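See structure below.
Number of protein chains: 2
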Amino acid sequence: MSSEVRGARRGVKGHPKSGPSIGDVARLAGVSSQTVSRVSTGSEPVKAETRERVLDAMRQLGYAPNLAARALRQGNFRSIGLIAHQVIRTGESKTIEAVIEAARLEGYSVSLVDVETPSSSDVSEAVQHLSHQAIDGLIIIRAETATPAALALPPTMPVAVSDSRFIGHHPAVGADQIGGSRAAVQHLLDLGHATVHHIAGPADSGPADLRATAWRQTLTSAGREVQEPFGGDWSAEAGYTIGSEIAQRDDVTAVFAANDEMAAGLIHALHEAGRRVPDDVSVVGFDDIDLAAHLWPPLTTVRQEFHQIGHDLVEVIMRQLGGREQLTGYHGTVPAPLIVRQSTAAPRKRRRTRR
Amino acid sequence: MSSEVRGARRGVKGHPKSGPSIGDVARLAGVSSQTVSRVSTGSEPVKAETRERVLDAMRQLGYAPNLAARALRQGNFRSIGLIAHQVIRTGESKTIEAVIEAARLEGYSVSLVDVETPSSSDVSEAVQHLSHQAIDGLIIIRAETATPAALALPPTMPVAVSDSRFIGHHPAVGADQIGGSRAAVQHLLDLGHATVHHIAGPADSGPADLRATAWRQTLTSAGREVQEPFGGDWSAEAGYTIGSEIAQRDDVTAVFAANDEMAAGLIHALHEAGRRVPDDVSVVGFDDIDLAAHLWPPLTTVRQEFHQIGHDLVEVIMRQLGGREQLTGYHGTVPAPLIVRQSTAAPRKRRRTRR
DNA sequence: ACGCAATCTGTTCACGTAAACATTTTTGGC
DNA sequence: GCCAAAAATGTTTACGTGAACAGATTGCGT
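Chains as they are written, first to last, in UniProt numbering: chain W, 1 to 355; chain L, 1 to 355.
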């Protein structure tokens, strides 16, 4: 395989890469470049015969429109920026999938920036990078370290957010954190538990805060004792550490964990200490990750409809792009139903009959 | 808040959106636009004093370079396309995170196209959409339904692939599927199991095929019986269904599942049927997802270094973009170590002492 | 067959940027 | 202090596209 001749790009003076242009197609088809453009965009009618000739030429040359030129001319990129805190988390990846799907239906692609490292400068750097650039709108799924003020977005940039801390500052879509949390806690109370303990998410997380607040309120309005919540960070590891502590205590019979991973870690620790779930301790999670149904015991949890949320986020962007709707105060809420499985039961040794 | 004046875009004739241009900055700073360009790109030296003046003007106007124009002029987008089969799978999302991180270090952004729906027309549509367009390279993490031929990529497009079916067609980076699988099976044999059963991934998946082959070879070269593998689809649900069947059989003492999710489903079914893990049945997974250590019992599994793989994929793209290296036959392999936890033990009731 | 309208197609131009080339200013060796 | 070399800056131009406008062709009623 001689590798000598290979790599001869285009003409001598031509820029690297770029394939055949609209002009090449026009020449081959014997029409003006504007007509090629019309065929390409479908913006104006072209006589059927002419269109065929142009399409033939396109195929023959392997023409594809140059998106950079198109974006420059039209002032938009048909692309949406996406900021997520951690792609790896079930909630975020499911939402991302849905966003991509919905965006594609609208003819938009998605540019993804993960903001893993939790320094706030990273976040604003990410936004800087995205905001002025090759995107027409910005979806923020979660940005743990950023505040609305820190974003410094250009005022014309459409934004949609699923992180509750941004509600009021930007249009938002999110699961009904409060309703879901309330249902989880109430479920445990209804089973006969005297109170419910809570493993919270990180202090700076909006959703974590909402879940903790709803947990507290539900207990309070039922007249139950409110114990200090345990502080977690969403990870199974944290759940495990906290669980090792809980396993030593006799007074904990029911735990509402702020997400499923922490619930899994908790159950792991309880198993290891010889405490039974749900006989000794009932556990409820949040998210309904795919594995929740296959943990042992299968996990009772609050389901977030991430697919719906992702689609709604894109819709919010599209509404801003289309009409110049003012949506700043918008807040869409998606129901978060409680899914009862086998990690919850009446307290103590009385095995509860499944209903 | 009157909403009447809002939305007055730029000048009467100006295109929508676009902010201040290089020319506006030049005028304000009293230099030529080319000098502003030099400051902006850092391509050529500019006298310190002049640079300051230009930077001031940029700040004052809130200037940000127009990426479309830049891409048009330079012929590249500083963006990498990414095709994944399912963002939700641990392996893929971890790889995606790493790709994004590595790309950002190179000053590239990542455009993500998920190809969830398993019709092959979707895949080629996705590639069509991406390949000719706003990207300079393409990373394919997994494309279950596409074949190398079906991709129809422009020959100049740099590609990097982590799906083994593409090896030989495109430069590839991947975990050492064979070594990892071999270690898993050998581990079980070393514990004293007569043979090892296998829950395979989907038939059309390259990695699934490799793992099954390595499993078979390891058994054969040890002179052990090879049972027909169970056919799964990566999902915990499939693992559960197969597990319900396995739980009925007395002859299965050790199972190597092609991924952790299926292993989780399997364990779930075994628990439910009253079979003990690892006392009655040993289980090994593949991937080492975050939850693997917190399943009950904690799962022995083969770790894939997704982070490394993601970085390597980007490096492969960069090498093609930089020098015009010929990498078609390249195949980088990342070690896949066995992580022994507590889901494996010697067969039958003899409880194994932890080492 | 004529002329007007409607439809289709061609020409010109600007989007914002950076490469290529041209010019000016500074630097340094003697 | 003078001239050549180097450094800094300016001018011109093209990247590929599609809007605006202009011109050509067709259809249709009479």
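Positions of the beta carbon are idealized from the N, C-alpha and C atoms, including for glycine.
On a predicted model such as this, the values are computed, not experimentally measured, just so you know.
- Rounded to the nearest whole angstrom, the C-alpha separation of L:Asp260 and W:Val281 is 26 Å.
- Between the alpha carbons of W:Gly174 and W:Gln74 lies a gap of roughly 32 Å.
- L:Thr95 is the residue among L:Thr95, L:Ser79 and L:Arg78 whose C-alpha sits nearest the C-alpha of L:Gln86.
- Comparing C-alpha distances from L:Ile167 to each of L:Gly179, L:Gln186, L:Gly206 and L:His187 shows the shortest one belongs to L:Gly206.
- Within the same chain, and ignoring the five residues on either side of W:Ala238 in sequence, the residues whose Cβ sits closer than 7 Å to its Cβ are Gly232, Met262 and Gly265.
- Around the beta carbon of L:Gln320, 16 or more other beta carbons lie within 10 angstroms, which makes this residue buried.
- In this structure, the CA atom of L:Val159 is about 39 Å from the CA atom of L:Ala26.
- Nearest in C-alpha terms to L:Arg78, of all of W:Ala68, W:Leu82 and W:Ala84, is W:Ala68.
- The three-state reading of DSSP puts W:Thr328 in coil, since its state is none of H, G, I, E or B.
- The beta carbons of L:Arg211 and L:Val226 sit no closer together than 8 Å.
- Taking the Cα of L:Ala64 as reference, the smallest distance to any Cα among L:Pro45, L:Ala345, L:Leu299 and L:Gly19 is reached at L:Gly19.
- Straight-line measurement puts the Cα of L:Phe306 at about 12 Å from the Cα of L:Ile100.
- Only those residues of the region 85–111 of chain W whose C-beta falls short of 8 Å from the nearest C-beta of chain L are listed: Gln86, Val87, Ile88, Thr90, Ser93, Lys94, Ile96, Glu97, Ile100, Glu101, Arg104, Ser109, Val110 and Ser111.
- Annotation for L:Asp204: no alpha helix (DSSP H) segment contains it, and DSSP assigns it neither H nor E.
- Going by C-alpha positions, L:Ala214 is about 37 Å away from L:Ser109.
- By a beta-carbon distance limit of 8 Å, W:Val284 contacts W:His187. Their separation comes to about 7 Å.
- Contact note: L:Asp287 does not reach chain W at a C-beta cutoff of 7 Å; the least C-beta distance is about 12 Å.
- If you draw a straight line from the Cα of W:Arg104 to the Cα of W:Leu112, it is about 14 Å long.
- Around the beta carbon of L:Gly91, a 10 Å sphere encloses 16 or more other beta carbons of the protein chains shown; the residue is thus reported as buried.
- Excluding five sequence positions before and after L:Gln177, the CB atoms of its chain that fall closer than 6 Å to its own CB belong to Pro207, Leu210 and Arg211, given in chain order.
- The beta-carbon of W:Val113 is placed less than 8 Å from the nearest beta-carbon of chain L.
- Annotation for W:Thr156: no alpha helix (DSSP H) segment contains it, and DSSP assigns it neither H nor E.
- Taking a Cβ-Cβ threshold of 7 Å, the residues of chain L close to W:Tyr240 are His294, in chain order.
- Legend: CB atoms of the region 36–70 of chain W lying less than 9 Å from CB atoms of chain L belong to residues Gly62, Tyr63, Ala64, Pro65, Asn66, Leu67, Ala68, Ala69 and Arg70.
- DSSP places W:Thr241 inside the alpha helix (DSSP H), whose first and last residues are Ala236 to Ile246.
- Straight across, the Cα-Cα distance linking L:Ser93 with W:Glu245 is about 32 Å.
- Per the C-alpha coordinates, the member of W:Leu270, W:Ile242 and W:His271 positioned closest to W:Ala258 is W:Ile242.
- Excluding its 5 nearest sequence neighbours in each direction, L:Pro171 has C-beta neighbours in its own chain below 6 Å: Ala160, Val316, Leu327 and Tyr330, listed in chain order.
- The beta carbon of W:Arg303 sits closer than 7 Å to the beta carbons of Asp288, Ala336, Pro337 and Ile339 from its chain, once the five residues preceding and following it are set aside; these are given in chain order.
- DSSP assignment within the region 29–104 of chain W yields the following whole beta strand (DSSP E) runs of 3 residues or more, N-terminal first: 79–84.
- In the three-state reduction of the DSSP assignment, L:Ala346 falls in the coil class, being assigned neither a helical nor a strand state.
- Within the DSSP secondary-structure output, W:Asp287 pairs in a beta bridge with W:Arg303.
- Cβ atoms of W:Trp296 and L:Trp296 come within 8 Å of each other, at about 5 Å.
- Residue L:Leu313 holds the alpha-carbon nearest to the alpha-carbon of L:Ile83 among L:Ala293, L:Thr50, L:Leu313 and L:Arg341.
- Beta-bridge partners assigned by DSSP to L:Phe230: L:Ile199.
- Not one beta carbon of chain L lies nearer than 8 Å to the beta carbon of W:Phe256.
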